[in-house]
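Notes follow the structure.
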Amino acid sequence: MPRTIDIGDFLAEAENTFAMSVNVPEDTEIICDIREIEIVPKLLSAGRNNVKITVRGISEKTLLYAEILFKTRFVRRVYVMGKPKSGIPAAIDKCVYTAPERDFSQPVQKPETPQESDVVSMTNRADSTLPPLKIQKGQRLSLSGYLGTEFSIWFTCEKPQGMDIDPYVFLLGENDRAIGDNSLVFFGNESSPNGEARYFPKDGHIEINLSKVDYRVKKITLAYSIYAGGNTQNFSFVRNPRVSLRTDSERLSFVMDGLSKETTAVALEIYMYKGEWKLSVVGSGFYSGMAKLCNCFGIQVEE
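Numbering (the working numbering), first residue to last: 1 to 303.
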């Protein structure tokens with residue numbers, strides 16, 4: 001696939017249709033969140049596929065520059081560009097791209113490492129031969145070997161009776177800002193829209209599926225917060241606050257030590273770097289609580 005597809009001029013404020021023929025090595029999902037653009041089909045089978053792009057109601061004052069994602073084991077961005085104009089015929093099934101023939105049964109040379117701007121997420125499995133690893137604050141490591149793309153996160157500790165410590169998962173885009181209204185997963189919103197993060201209230205654990213991550217997400221931040229209920233409870237009352245990351249069994253673990261009068265603590269960050277998901281152990285607390293942390297990420301809540 002080319003990086004950009006130029007559909008040229010098309011009739012403004014009208015319906016225009018374009019055709020392209022693509023050749024994909026495996027089953028592929030097409031994703032486009034632009035309301036004025038419809039793509040059919042959205043699911044491609046391995047081999048050659050005919051794809052129809054319908055563009056509707058775009059003003060002459062607008063330059064079309066839309067991002068389309070082709071999702072397989074990784075996600076590749078393709079940009080569609082064009083210029084709406086008045087007084088010209090509407091485009092009807094105008095061919096804008098035809099992929100060359102390619103025999104996918106033959107081995108090909110290993111491609112260069114994809115650039116971060118091209119690849120949104122990789123899918124892979126954990127290496128079960130690696131021994132469990134105890135990690136610590138400030139440490140960074142790749143998730144591909146130890147956890148793969150699907151894993152769960154558990155929190156255990158010794159705490160006073162009646163104290164509630166709840167997890168909060170933030171899905172963040174550029175500049176560490178939340179990507180939308182449903183980008184905070186917690187007891188009041190138990191799943192993100194794509195299911196990349198889910199909260200299970202019965203035992204309080206979090207499940208992460210990186211293969212489902214929204215293409216806008218650059219970082220996933222996990223925090224834990226104490227519900228004080230009008231009391232002066234904080235992490236000084238908590239002993240051995242331990243975070244465990246698991247697949248079939250525990251793979252990574254660390255203790256959030258050094259906390260005292262904080263009521264909220266950021267445990268870890270999962271972030272994309274050069275096409276690979278990595279883990280950063282944070283373990284830092286906030287005295288001002290969860291409302292302040294939400295506001296820092298662009299989520300407005302009452303103090």
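Beta carbons are placed, not taken as given, at the ideal position from N, Cα and C, and that holds for glycine.
**Request:** Let me know the secondary structure DSSP gives P111 once reduced to three states.
**Result:** To locate residue 111, count along the sequence shown from 1; it is residue 111. Confidence at P111 is low in this model, with a pLDDT of 43, below 50, so the placement of that residue is unreliable and no value is reported for it.
**Prompt:** Helix or strand or just coil, what does DSSP make of C95?
**Reply:** For this step, residue 95 is matched to residue 95 along the sequence shown. Strand at C95.
**Extent of the continuous beta strand (DSSP E) run through A267** = The sequence position of residue 267 within the sequence shown is 267, counting from 1. Going by DSSP, A267 is part of the beta strand (DSSP E) stretching over 264-273.
**Nearest-angstrom Cα separation, counted from D203 out to P25** = Reading the sequence shown from its first residue, position 25 is the one you call residue 25. Reading the sequence shown from its first residue, position 203 is the one you call residue 203. CA-CA distance, P25 to D203, rounds to 41 Å.
**Message:** Extract the residue ranges of the beta strand (DSSP E) inside the segment 152-191, only unbroken runs of 3 or more that lie entirely within it.
**Reply:** DSSP runs (the beta strand (DSSP E)) wholly in the segment 152-191: 164-172.
**Prompt:** Roughly how many angstroms separate the alpha carbons of C294 and Y97, rounded to a whole number?
**Reply:** Your numbering for residue 294 matches position 294 in the sequence shown. Your numbering for residue 97 matches position 97 in the sequence shown. In this model, C294 and Y97 are separated by some 44 Å (Cα to Cα).
**Asked** Who pairs with V281 in a beta bridge, going by DSSP?
**Response** On the sequence shown, residue 281 is found 281 positions in, with the first residue counted as 1. DSSP, once it has assigned bridges, lists L268 as partnering V281.
**Message:** Judging by CA-CA distance, which residue of G57, R177, R216, F186 is the nearest neighbour of I31?
**Reply:** Residue numbering aside, residue 31 sits at position 31 when the sequence shown is read from its first letter. Checked all of G57, R177, R216, F186; the closest Cα to I31 is R216.
**Asked** Can you give the Cα-Cα distance for T72 and E13, rounded to whole angstroms?
**Response** Position 72 of the sequence shown, counting from 1, holds the residue named residue 72. Position 13 of the sequence shown, counting from 1, holds the residue named residue 13. C-alpha separation (whole angstroms): 34 Å.
**Prompt:** Does the beta-carbon of T263 have 16 or more other beta-carbons within 10 angstroms, so that it is buried, or is it exposed?
**Reply:** As a position in the sequence shown, residue 263 is number 263, starting the count at 1. If you draw a 10 Å sphere on the C-beta of T263, you find 16 or more other C-beta atoms in it, and that means buried.
**Message:** Since D214 and N194 should fall inside the 8 Å C-beta cutoff, what is the C-beta to C-beta distance between them, to a whole number of angstroms?
**Reply:** Counted from its first residue, the sequence shown places residue 214 at position 214. Counted from its first residue, the sequence shown places residue 194 at position 194. Confirmed, about 5 Å.
**Prompt:** Would you report the Cα separation of M1 and M272, rounded to the nearest angstrom?
**Reply:** As a working note, residue 1 is residue 1 in the sequence shown. As a working note, residue 272 is residue 272 in the sequence shown. The alpha-carbon atoms of M1 and M272 are separated by roughly 23 Å.
**Request:** List the residues that DSSP assigns as beta-bridge partners of P84.
**Result:** Looking up residue 84 in the sequence shown gives position 84. Paired residues: F10.
**Message:** Along the chain, where does the beta strand (DSSP E) containing K219 start, and where does it finish?
**Reply:** Numbered from 1 along the sequence shown, position 219 holds the residue referred to as residue 219. First-last of the beta strand (DSSP E) with K219: 219-227.
**Asked** In angstroms, rounded to a whole number, what distance separates the CA positions of G188 and K219?
**Response** Counted from its first residue, the sequence shown places residue 188 at position 188. Counted from its first residue, the sequence shown places residue 219 at position 219. Computed Cα separation, rounded: 21 Å.
**Request:** Quick one: using the 10 Å Cβ neighbour count with 16 as the cut-off for buried, is V55 buried or exposed?
**Result:** Mapped onto the sequence shown, residue 55 falls at position 55. Residue environment analysis places V55 among the buried positions, since at least 16 neighbouring C-beta atoms fall within 10 angstroms of its C-beta.
**Which of helix, strand or coil DSSP assigns to A197** = In the sequence shown, residue 197 corresponds to position 197, counting from 1. DSSP places A197 in strand when its eight states are reduced to three.
**Prompt:** What number of angstroms, rounded off, separates the C-alpha of G47 from the C-alpha of P41?
**Reply:** Here residue 47 refers to the residue found at position 47 when the sequence shown is read from its first residue. Here residue 41 refers to the residue found at position 41 when the sequence shown is read from its first residue. Distance from the CA atom of G47 to the CA atom of P41, rounded to whole angstroms, is 14 Å.
**Per-residue burial, P111 [other beta carbons within 10 Å of its own, 16 or more giving buried]** = The residue you call residue 111 lines up with position 111 of the sequence shown. A caution first: P111 carries a pLDDT of 43, below 50, which makes its placement in the model too unreliable to give a value.
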